[in-house]
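Since the structure comes first, as structure tokens, the remarks are kept for the end.
There are 2 protein chains.
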Amino acid sequence: MILDFFKANFSKDKKLYQKLYNILGFYPSNISLYKVAITHNSFKHHLSKDSKTGNNERLEFLGDAVLGMIVAEKLYLKFPYQNEGFLTETRSKIVGRTKLNQIARKMGIHQILLFDSKLKNNPVFLDSISGNAFESLVGAIYLDKGFEFTKIFIINKILEQHIDFEALLLQELSYKAKLVKWAQKEKRIIDFNLKSVDIEHKRKIYEVSILLDGEELVTGKNHSKKIAEEIASEKSCVLLAI
Amino acid sequence: MILDFFKANFSKDKKLYQKLYNILGFYPSNISLYKVAITHNSFKHHLSKDSKTGNNERLEFLGDAVLGMIVAEKLYLKFPYQNEGFLTETRSKIVGRTKLNQIARKMGIHQILLFDSKLKNNPVFLDSISGNAFESLVGAIYLDKGFEFTKIFIINKILEQHIDFEALLLQELSYKAKLVKWAQKEKRIIDFNLKSVDIEHKRKIYEVSILLDGEELVTGKNHSKKIAEEIASEKSCVLLAI
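Just so you know, the sequences run in chain order B and D. Letter 40 of the first sequence, counting from 1, is numbered 40 in the working numbering, and no numbers are missing. Letter 141 of the second sequence, counting from 1, is numbered 1141 in the working numbering, and no numbers are missing.
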């Protein structure tokens, strides 16, 4: 790390080192990888001869896979009670084009991109190549710093700062939202009540009841309170034919 | 590793440890992950309560991502002159359903699978759940042994033994095949001739010429002899309007 700092300050690429530091939060060790990562196909004077094309498309392929895997593991560990359908869907929300372009914009990746300057007044193009360059940068970081470093970078700098996991979970849990919406429309009163908490195989089990106009309608049980509510909401939707 | 060996030999799961060793080439550290990995959704008496469902679908999601990333890196490094289109296509040939089912069958994964025995006479079903369980096992290995171990396992035990990278490259390099086929049909004689080998930036550059009925038609240059042939073949196809 100290070596990277010296390299950054006594290199002909001092400015690029500094910009990358500002965006990524660390100094690159092998700057040539990052030069490839920021070079879009439209840029005529490719800085680097490291790869066949000199543009960032191969690194984008690699970075996409690295990012996909790190996000997969994060979701797997963060949502131990969600099935594989939820994990797949949530991952595509995080690593999908729209979200990645948005993250890239917030990070300021467009400031370091190399591309055909004729295209600079096209914001859609800029957003899209920034999102791709973000993936290429992930590929460069992986090759430069290794897996564990990249994982920590993605989790701390990207996921924790740009992704609202609670919102993703709630988006998915739709029966509760459906039930609440119905009650508002029909002017009925829905209450969620934590009925009991048991311990089973050393883990808590929540029992949630749903009260309709003050009367218990159904109950739901799960290790997660949220999912217990969702189970009870699903039962209610069936009962009330919502 | 020695500890894993002792665990394996003095455990109530001794048989499973041994079967896993025979299939994977190492002893698991945390056997419960592997129990989940081999448990198909149709199996009624789930061995493990580690996950919500007790079946291998969540681990399959994780393993798919881990496998995809390791294969992406392998291809990225193995084919430095191929573009991202080739890398994407080649990866899907390797991690696609057909190939994974085939690999799982050769490894004998069906021998350790837990599933509803009513389904055991359905070979298509067996193949398919074996392929899925292979991915789940990759997920289990990753959680159990970490990234570097899994990478070495995938490269040495899976890719090097089950994937013919040369054939994948040749499948892709189609102009040469096209040209040779044309010559056979038209009864013309095509020869590929290595014209020169230069050194440029410390790396070899091959120049290949194509002779049509003994006369030089075109040449192609590349760091890879195969790709130089392909470049020359492409030029020939254009010239000869094939």
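All C-beta atoms, glycine included, are put in the ideal place defined by N, C-alpha and C. In this text the structure is predicted, and so the values were computed from the model without any measurement.
Could you work out which residues of chain B lie near residue i, taking near to mean beta carbons separated by less than 9 Å?
i	result
residue 1066 of chain D	69, 72, 73
Counting only Cβ pairs nearer than 7 Å, list the residues of chain B close to residue i.
i	result
residue 1147 of chain D	147
residue 1062 of chain D	72, 73, 76
residue 1087 of chain D	58, 61
I need the boundaries of the beta strand (DSSP E) containing residue i, first residue and last residue.
i	result
residue 1190 of chain D	1190-1200
residue 236 of chain B	Here residue 236 of chain B belongs to no beta strand (DSSP E); instead the alpha helix (DSSP H) covers 225-239.
Helix, strand or coil: which one does DSSP assign to residue i?
i	result
residue 1068 of chain D	helix
residue 209 of chain B	strand
residue 1113 of chain D	coil
residue 220 of chain B	strand
residue 12 of chain B	coil
residue 82 of chain B	coil
residue 1003 of chain D	helix
residue 1052 of chain D	Low confidence applies to residue 1052 of chain D: its pLDDT is 47, below 50, so where it sits in the model is not reliable, and the reading given next is rough at best. Coil at residue 1052 of chain D, not helix or strand.
In the DSSP assignment, find the alpha helix (DSSP H) that holds residue i and state where it starts and stops.
i	result
residue 1039 of chain D	From DSSP, residue 1039 of chain D is part of no alpha helix (DSSP H); its letter is neither H nor E.
residue 103 of chain B	97-107
Applying the 10 Å Cβ sphere with the 16-neighbour rule, what's the burial state of residue i?
i	result
residue 1120 of chain D	exposed
residue 1171 of chain D	exposed
residue 97 of chain B	exposed
residue 1006 of chain D	exposed
residue 1082 of chain D	buried
residue 156 of chain B	exposed
residue 92 of chain B	exposed
residue 1071 of chain D	buried
residue 1051 of chain D	Any answer about residue 1051 of chain D is weak, because its pLDDT of 43 lies below 50 and its placement is not dependable; what the coordinates show is given next. Buried.
residue 241 of chain B	exposed
residue 1238 of chain D	exposed
residue 197 of chain B	exposed
residue 194 of chain B	exposed
residue 126 of chain B	buried
residue 123 of chain B	exposed
residue 22 of chain B	exposed
residue 1168 of chain D	buried
residue 1233 of chain D	buried
residue 1146 of chain D	exposed
residue 144 of chain B	buried
residue 10 of chain B	exposed
residue 1080 of chain D	exposed
residue 177 of chain B	exposed
Check the Cβ-Cβ distances between residue i and every residue of chain A, and say whether any is below 9 Å.
i	result
residue 1084 of chain D	Chain labels in this structure do not include chain A; the protein chains are B and D.
Whole alpha helix (DSSP H) runs in the segment 1115-1193 of chain D with 4 or more residues, listed along the chain?
1123-1145, 1147-1153, 1165-1172, 1174-1186
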